[in-house]
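Respectively, the protein sequence lines represent chains A and B. Quick note: the first sequence uses our numbering, first residue -11, plus one each step. Quick note: the second sequence uses our numbering, first residue -11, plus one each step. The beta-carbon is built from N, C-alpha and C at its ideal position, and this holds for glycine as well. First the structure, in the form of structure tokens, and then the observations on it.
2 protein chains.
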Amino acid sequence: MPYHHGNLRAELLARAAQVVADQGVEGLSLRSLARDLGVSHGAPAKHFRDRADLLAALAAEGVAVAEQRMAAAAVEAGSDPQARLAAMGRAYVRFAVDEPSLYGTVNHPEVCRVTPESVTRLLAGWIDAIGGSAPSEGRYETATFVARMVGAAEVAADPGWRELLGIEDVTDELIDALLAA
Amino acid sequence: MPYHHGNLRAELLARAAQVVADQGVEGLSLRSLARDLGVSHGAPAKHFRDRADLLAALAAEGVAVAEQRMAAAAVEAGSDPQARLAAMGRAYVRFAVDEPSLYGTVNHPEVCRVTPESVTRLLAGWIDAIGGSAPSEGRYETATFVARMVGAAEVAADPGWRELLGIEDVTDELIDALLAA
DNA sequence: GCGAAGAAGTTGTCAATGCCAACATCCGAC
DNA sequence: GTCGGATGTTGGCATTGACAACTTCTTCGC
């Protein structure tokens, strides 16, 4: 057993994602994480200042994934601003559905309080897209768009809502319906 | 100093609401609550089985308040089903904005995992309203409606979003824009 | 009145956790 | 080589949730 783990930071994040996936953010503990990886309880501190710092890193991963998906969708959608915007919205909802753990972490109140800039980064992409797209018809255009996005993702990502609403499998048709203006 | 506090359960809930309001759900601790109220650390256990039980009670309060507001709004809106539904939507968003602490508790992941039925109760009111109102135009009518509601409340209740979107004061006009079909 | 039963509160304890400090080991630059 | 920083370990402390045993008060039947 080598003294240096060699890849601890990455494995901490990976294991943390697993734990969050099936126990939620609240079930995450630095010490149990260390146990899972077979290192001492003080080891994680060398890579993450504290629990909040680890969660922030996990959230940053989530944001990066979301950004990546949205950017890819935008590229694929071509040059029409309206089409790009719609594609980004779909990509965001898909991200929420496909990676509920990451999505849940990014949007977790405990995490948002510490790093509110995460969401800001995501929004920046939308704002850009909106800014370059439609002339503002009402004063609340941006807010309305964001609300649609947030609501669609929240409902589509939550198994409880899905069961309640009878939308077990999230089709493109459903997403479009949720996002439809 | 009387041995029996006399009103401990209610005061625990009240103080808990305060703490949640300015420290979030994560900042809530049974022991500090007991200290705040001048009782021993074991006292809360006589009224709430554990921390989750207290949070569930707090969430139940929140759901009750929301239901009450929505019901009142529905009554005031008269008999037209469409108008009643719209009024309930507005009332829900107003609830989220006026009582961010209760709203946040009801929708907190930690709480939702334990008592998913809270949201179900709220939805029941909407479903009723919807069921009695419009003929279904698409297969996802209910889901779309719920997504709008959830998104509007989420955005309107979050100071971070509000600042980002430049919608500091939540007017009726804004709410209608967020909910507009 | 009174005595028992139960509700409400207290005290003590235990394991888990987050965080910190002191120490050990390994690696790379010079 | 050796020295310093990065990485890991160990020990310790305070806080917390949960539990058990005990005390005090209230209530209700008689």
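Which bits of chain B does residue i rub up against, with CB to CB less than 8 Å?
i	result
A:Ala140	Ala135, Gly139
A:Gly113	Neighbours of A:Gly113 on chain B: none; closest Cβ ~13 Å, over 8 Å.
A:Leu162	Tyr128, Ala131
A:Leu166	Tyr128, Ala131, Thr132, Ala135
Under 9 Å between beta-carbons, which chain A residues line up against residue i? List them in chain order, please.
i	result
B:Arg72	Going along chain A, no residue has its Cβ under 9 Å from B:Arg72, so there is no contact; the nearest lies around 20 Å.
B:Thr108	Gly148, Leu152
Considering only the beta carbon of each residue, do residue i and residue j sit closer than 9 Å?
i	j	result
B:Ile163	B:Arg82	yes
B:Glu14	A:Pro97	yes
B:Ala5	B:Leu46	yes
B:Ala144	B:Val158	yes
A:Ala54	A:Leu90	yes
A:Gly50	A:Ser106	yes
B:Arg78	B:Ala60	no
A:Lys34	A:Leu(-4)	yes
A:Ala131	A:Leu166	no
B:Tyr128	A:Glu161	yes
B:Ala74	B:Glu142	no
A:Arg3	A:Leu25	yes
B:Gly92	B:Met58	no
B:Thr103	B:Ala48	yes
B:Val7	B:Leu16	yes
B:Arg101	A:Gly12	yes
A:Arg23	A:His29	yes
B:Leu111	A:Leu152	yes
A:Val138	B:Val138	yes
DSSP on residue i, reduced to helix/strand/coil?
i	result
A:Asp160	helix
A:Ile(-3)	Ile is not the amino acid found at residue -3 of chain A; the sequence shown has Arg there. Correct three-state label for A:Arg(-3): helix.
B:Ala212	In the structure as shown, chain B begins at -11 and stops at 169. Residue 212 of chain B is therefore absent and cannot be evaluated.
A:Arg136	helix
A:Asp146	coil
B:Val8	helix
A:Arg127	coil
In chain B, which residues lie less than 7 Å from residue i when you measure between Cβ atoms?
i	result
A:Arg78	Simply none; closest approach about 14 Å.
A:Gly50	By Cβ distance, chain B contributes nothing, its closest Cβ being about 14 Å from A:Gly50, past 7 Å.
A:Pro104	Gly148
A:Glu14	Glu98
A:Val143	Ala131, Val134, Ala135, Val138
A:Gly30	Simply none; closest approach about 23 Å.
Using the beta-carbon of each residue, which ones in chain A are nearer than 8 Å to residue i?
i	result
B:His96	Pro97
B:Arg39	Near B:Arg39 there are no residues of chain A at all, since even the closest Cβ is about 10 Å away, more than 8 Å.
Is the closest heavy atom of the ligand HEM to the C-beta of residue i under 8 Å?
i	result
A:His35	The ligand HEM is not among the ligands present in this structure, which contains no ligands whatsoever.
Can you name the residues of chain A whose CB is closer than 7 Å to the CB of residue i?
i	result
B:Val63	Those within 7 Å of B:Val63 in chain A number zero; the least Cβ separation is about 25 Å.
B:Arg101	Gly12
Under 9 Å between beta-carbons, which chain B residues line up against residue i? List them in chain order, please.
i	result
A:Gly92	Pro97
* To do: For the stretch 15 to 42 of chain B, list the alpha helix (DSSP H) runs that are entirely contained and at least 4 residues long, ordered along the chain.
  => 18 to 25
* In the stretch 51 to 114 of chain B, which residue ranges form an unbroken alpha helix (DSSP H) of at least 4 residues, counting only runs that do not cross its ends? -> You should have 69 to 86, 88 to 94, 97 to 102.
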